[in-house]
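Remember, my numbering sits 17 above the position in the sequence shown when you count from 1.
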Amino acid sequence: MADLFISRSATGTGSAAAVYTVPTADQNSQPPVLPTTSLVKSIRLSNQTGGAVTTTVSFFDNSASDKEIPLYKDSLADGAEQEVLTQPIVMEKADAIKVTGLNITILISLMEIT
């Protein structure tokens, strides 16, 4: 069963920035970090900048030689919102969601399982 449901929000920058990274297990830390898998249900973008912004959202697959998979790349008009995912994605340790787009707000709904 799920240990934690999380909604994260962040604001994108002009360069690719990780807005969520799956925790890496560390039994020696205090408190210990358990092995974690994340199920991402929704990634929602919002643009309230006053103009259109070219936005890229990508999935960084750490276990596949640092492969980055684009999930969304388009211009997002002022006042527009966009759902990025059509199906949930499964993320493993050190995988990340990255966003590029100046002042774009991103909301990620996910479940972490430890």
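From the three backbone atoms N, C-alpha and C, an ideal C-beta is built for every residue, glycine too.
Exercise. Go through its chain and collect everything with a Cβ distance to Asn-79's Cβ below 6 Å, but skip five positions before and after it.
Key: Ala-111 and Asp-112
Self-check item: C-alpha distance - Thr-72 paired with Met-128, whole-angstrom precision
Solution: 25 Å
Quiz item: With a CB to CB cut of under 6 Å and the five nearest residues on each side skipped, what residues in its chain are close to Met-18?
Solution: Low confidence applies to Met-18: its pLDDT is 47, below 50, so where it sits in the model is not reliable, and the reading given next is rough at best. So no residue of the chain qualifies.
Quiz item: Measuring CA to CA, which of Ser-46, Asp-43, Leu-93 and Leu-88 is closest to Thr-122?
Solution: Leu-93
Quiz item: Using the rule of at least 16 other Cβ atoms within 10 Å of the residue's Cβ for burial, across every protein chain shown, is Val-101 buried or exposed?
Solution: buried
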